[in-house]
Amino acid sequence: MPSKKNKKAAAAERSATLSASASQQVAKDEQSAPVVPTPELSRVSVSSNPPTPSAIEKPVPLPVPSKPLFEYEPPAQLEALAKNKPVKVTTNSYELELKPTPVFRYDVSVLKSFDDSTRDPIELAGSKGGDRQRQADLTEIVKVALTLEGLGNLNIFYDGAAMLFTTQKFETKTEKQQAIFMPIPSDHPKLSTSLKESQFGRASGKFHVSIELNSKQSELNTIDLLNERLDSAACPVTQMAQIALSAEAKQNGFIILDGGHELFDQKNTRRTIGKDGVEDMDGVAASIKMAQGNKKTGSAHLVMDYKKKQFFKTGPLKDLIKGINPNQLRSYLKGLRVHTTYSHQSIFIDGISNVPIGEIKLPDGTPLLDDCARVSGKPKSFFDASKPAVQVNQYNKREGRRMVYSFPIENLLVKPNQKLTQNHGEPPRSIKPELRFDLIRKVGESAKLLSPNQTLKSIGIAINPEPIVVEAMTVPKPTILYKDGAFTSPDLLNRTSWDVQARNHQSLKGGFVEPMKINKILILYNSQSYSQASPKEAVVELQSILSKKAKDVGMTIGQIDVEDLNDPDIIGAIENKMTILKTSQVKPIVIYADHTSEGTHSTLKLQERLCEVITQQVALDKSLKRTPGKVTANNLLMKLNLKYGGVNHKVRVDNSISHLWGDTSNTLIISYDVCHSSGKVYKKDEICDEPSCVGFGFNGTACPEAFIGDFHYQLPRHEQVDEHLLKLRARFMLNHYITSRKKYPQQVVILRDGVSEGQHKMVRNEEFQAIKQSIMNVFNEKKAKAPSFALLVVTKRHANRLLIKDQNGYTNVPPLTAIDQTIVKKQGNEVIFVSHCPLNGTAQPIVINTLVNDGIFKTNDQLVQFITALCCAHQKSTNIVSLPESIYAADEYAKRGADLFQSYKLKHRDLPTTTIDDSTQLDYEKITLILCFQTSSFKNKRIA
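Adding 5 to a residue's 1-based position in the sequence shown gives its number in my numbering.
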């Protein structure tokens with residue numbers, strides 16, 4: 006059953022939704038859609054496929070009040086890295102010079118009311134407002150209010166929502182008071198036509214602007230920036246400085262995203278090659294960091310990284326969809342913000358009709374296109390009647406319900422400042438270090454971050470335009486061990502790779518440490534999927550190379566069969582075959598060969614779990630594009646051996662961490678991460694119909710270096726992991742470890758991925774405490790000696806970059822480069838570490854923050870050597886990877902769980918539900934038990 010916390014959260018979400026009054030519903034809908042449907046809009050309220058109401062309530066994720074978090078003191082800093090092969094590294098951190106300067110903070114509230122007294126007012130900015138989509142509108146309204154009060158020339162900067170700052174208190178010309186309370190009629194000549202239409206449509210009313218000093222802390226001082234901790238609940242000076250960073254960039258035409266942390270230059274856009282209606286835009290991610298500085302007494306740094314994003318081009322919607330596959334059009338357009346050619350009212354696309362727009366009629370029988378031609382002033386011949394209609398689902402107050410409105414594509418224009426998501430295809434490729442650093446400088450200068458900035462100067466901030474150079478240390482590379490004493494080392498000059506057939510002596514050939522005996526492999530393909538040449542030849546070549554190369558790595562394969570499913574129903578053929586194999590006395594490993602475009606992966610993995618038959622997919626257009634050779638065969642054999650329970654290689658490390666790693670170690674290593682969807686990107690306030698999935702990776706087998714894992718579902722879009730879930734899973738992982746190793750761990754090291762610095766307190770005070778309590782309960786029950794604990798946050802979600810400058814320009818730092826001084830966080834123990842060699846572009850370091858350390862790590866050398874061992878332990882690769890293996894496992898299990906849920910939901914409409922407080926919701930506990938690996942024969946294998 007769901008935990009008490011989940012019940013409360015779910016109940017709060019549902020009750021908030023169900024108890025909302027009609028007026029509140031109108032207010033909510035009007036914030037993200039036209040204020041009220043115009044007569045023309047109402048006339049076209051017709052749908053060829055109205056939404057089907059779901060039998061299951063989908064709880065809307067709303068903020069759930071959390072218990073107060075006590076301040077925690079980070080553990081003492083570890084002994085600094087030893088000076089091993091030091092190297093000068095150029096960073097993308099820039100020092101901020103600060104002067105004591107008072108800055109006044111004002112709270113902004115903007116309310117709009119309608120002259121029609123039956124309509125409720127709506128808060129656009131303030132405690133309940135501040136939608137980032139309205140930044141431009143709110144900025145215009147506030148500027149007009151200040152101008153009307155004679156304060157138009159005042160030096161201010163505003164976040165476009167609820168906060169405004171100035172270096173001097175202002176007095177209004179009318180009341181001589183230090184606040185503004187002003188109504189502005191919607192037809193005021195200083196307001197733009199587009200603003201009036203987007204906010205009021207054809208209605209009329211007033212904007213009520215309130216600007217008054219913040220009641221809690223009205224005066225800030227720039228120098229106090231050095232005293233704030235970014236993991237604290239309140240950082241008002243940092244927040245003020247962050248808003249000031251983007252003020253002049255905004256004035257120069259930059260788009261500001263991510264709460265002011267990302268700035269994009271929309272004046273210098275480029276058409277995206279191969280995509281109509283899409284533009285590339287250069288930008289930077291710019292964040293303030295409280296760093297150690299050269300003297301380790303504290304220094305404010307600006308960390309700035311180049312970003313390239315793709316934005317939808319403002320203009321006709323028909324230009325955007327020219328090259329889009331009709332089958333992908335619905336998902337491509339969903340959530341896009343548009344307006345009609347005859348109104349500036351924003352509307353959000355929900356989908357497209359199932360029939361051509363020419364076949365859609367209004368309730369009175371009038372063809373929809375006749376009415377569309379009338380309201381747009383275009384002849385009917387202007388519209389393509391064979392195209393589907395674009396559909397919008399929004400609330401109609403007159404009808405008292407949500408209705409579907411249909412529009413011709415030709416009548417819609419794309420609104421500005423909308424970036425593409427992963428739903429819209431491949432993101433921009435990574436770029437080389439020398440170009441990245443040059444673009445950081447160029448965009449930084451255009452954004453007035455690396456060039457004179459009057460706003461920053463007025464509040465006592467100056468940015469040194471020269472990047473900070475620091476001394477980094479080299480981490481000794483470990484030894485990779487194979488069978489019978491064979492060993493090798495990563496080649497740092499060749500992408501940190503090594504050879505599976507390691508040879509350190511003529512008589513030692515090497516091979517997997519624990520090679521498995523596989524009774525049968527069944528290679529499947531479907532010739533009905535291909536209109537041209539059959540893939541049989543490539544599949545037979547794969548059969549041959551696997552049989553030959555298996556012996557080289559020590560594996561034994563009884564037989565390898567090839568079978569053509571020969572069925573036009575590709576998905577059905579896979580399901581039928583897997584169902585047959587489910588009852589086989591000896592289940593084979595299934596290798597399924599097809600093209601990546603076939604989209605069979607989700608079906609294959611769902612059937613793998615339901616039928617408990619191990620599967621591996623190979624791509625004919627990638628892995629088997631050429632005749633498979635040694636590399637392809639070895640890569641495939643590594644995966645098969647791992648999934649069958651084998652160990653491919655081990656990592657030998659320095660003796661200083663032998664208590665943490667290796668055959669004699671006794672350390673339980675746990676990693677966990679959260680995946681919020683199987684690929685869909687949700688808009689703000691959009692109902693999420695899939696749970697968050699928590700993935701776990703841990704070394705729970707007899708081999709201390711082998712990692713397995715599992716996943717567990719929880720309420721949608723919750724980054725904090727449920728306390729009950731953590732306790733349940735921690736106990737399971739500990740018992741699994743004890744059963745496999747026949748002893749209790751002396752150390753427990755926990756690695757958390759995917760959280761920002763502002764969430765460290767939550768991880769330390771809540772998530773860690775739940776895990777520790779569950780583990781200690783087991784130790785107390787068995788009266789065993791309590792273990793030591795360490796908690797590390799390890800993430801790549803940051804902006805730090807490390808480069809080497811030489812006579813040829815900038816290059817990536819060598820693999821196994823670490824920094825623990827100057828640019829690292831002021832408080833606590835932080836290390837920035839590059840373990841790998843990127844295939845393309847600029848290396849992305851990992852940042853390691855130690856939140857708990859019960860004496861497990863004494864030095865930063867021990868810490869980075871431990872992380873290095875984990876990065877070398879990835880069993881599917883013969884390279885040092887960029888993340889610790891335990892985190893890789895947690896990420897892969899979280900993503901697998903999210904994908905399995907979506908696939909299962911498509912096949913099983915009647916998902917398990919539970920009733921809480923007379924409301925029905927999905928029973929995530931039951932769904933977890935159906936799909937997770939703990940309840941299957943895979944619980945001891947690395948299946949994801």
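We put the beta carbon where it would ideally sit given N, CA and C, even for glycine.
| query | result |
| --- | --- |
| Beta-carbon gap between Lys-447 and Gly-846 smaller than 8 Å | no |
| Contact belief for Ile-414 with Lys-323 at Cβ below 8 Å, rounded distance in angstroms | 5 Å |
| Val-360 classed as buried or exposed, judged by whether at least 16 other C-beta atoms fall within 10 angstroms | exposed |
| Top-ranked residue by Cα proximity to Tyr-535, from Ile-528, Glu-603, Lys-522, Thr-501 | Glu-603 |
| Range of the contiguous alpha helix (DSSP H) that encloses His-606 | 606-616 |
| Leu-821 beta carbon less than 8 Å from that of Gly-465 | no |
| Val-475 vs Ile-872 beta-carbon contact at 8 Å | no |
| Pairwise C-alpha distance: Asp-142 and Ser-292 | 25 Å |
| Beta carbon of Ser-742 nearer than 8 Å to that of Ile-932 | What sits at residue 742 in the sequence shown is Tyr, not Ser. No, Cβ-Cβ distance for Tyr-742 and Ile-932 is not below 8 Å. |
| Thr-855, buried or exposed, once every other Cβ within 10 Å from all chains shown has been counted against 16 | buried |
| Per-residue DSSP class, three states only, for Val-558 | coil |
| Beta-carbon proximity list for Leu-527, same chain, < 6 Å, skipping 5 on both sides | Asp-566, Pro-593, Val-595 |
| Rounded distance between the beta-carbons of Val-308 and Leu-417, thought under 8 Å | Not confirmed; about 40 Å, so no contact. |
| For Tyr-597, three-class secondary structure by DSSP | strand |
| Span of the beta strand (DSSP E), counted from its first residue to its last, around Ile-824 | 822-824 |
| Segment contact, 8 Å Cβ cut-off, at least three pairs: the stretch 94-103 with the stretch 805-815 | yes |
| Ordered list of alpha helix (DSSP H) runs contained in the stretch 625-653, each at least 4 residues | 635-648 |
| Leu-905 classed as buried or exposed, judged by whether at least 16 other C-beta atoms fall within 10 angstroms | buried |
| Burial state of Arg-139 (16 or more Cβ within 10 Å) | buried |
| Tyr-163 vs Leu-156 beta-carbon contact at 8 Å | no |
| Closest Cα partner of Val-783 within the set Leu-733, Leu-756, Gly-814 | Leu-733 |
| Residue(s) in a DSSP beta bridge with Arg-110 | Phe-170 |
| Continuous beta strand (DSSP E) assignments of at least 3 residues falling wholly in the stretch 742-807 | 752-757, 793-800 |
| Residues that Ser-676 bridges to, as DSSP identifies them | Gly-702, Leu-756 |
| Supposed close pair Asn-646, Met-560 - CB separation, criterion 8 Å | 6 Å |
| Segment limits, beta strand (DSSP E) that includes Ala-305 | 304-317 |
| Spatially closest choice to Ser-199 from Ala-735, Ser-887, Lys-420, Gly-650, by CA coordinates | Lys-420 |
| Nearest-angstrom Cα separation, counted from Thr-345 out to Met-643 | 55 Å |
| Chain-order list of residues whose beta-carbon lies under 6 Å from that of Asp-859 (same chain, five-residue window excluded) | Ser-793, Phe-794 |
| Local Cβ density within 10 Å of Ser-5, reported as buried at 16 or more and exposed below that | Outside the displayed span of the chain (6 to 949) sits residue 5, for which this structure offers no information. |
| DSSP state of Arg-275 mapped onto helix, strand, coil | strand |
| Bridge partners - Phe-353, DSSP secondary structure assignment | Arg-342 |
| Supposed contact pair Phe-517 and Val-480 - C-beta distance, whole angstroms, cut 8 Å | So it is not a contact: roughly 26 Å between Cβ atoms. |
| Gly-288 - partner residues in DSSP beta bridges | Phe-269, Lys-312 |
| Exposure of Thr-672, with buried meaning 16 or more beta-carbon neighbours within 10 Å | buried |
| Sub-8 Å separation of Ile-674 and Ser-882 beta-carbons | no |
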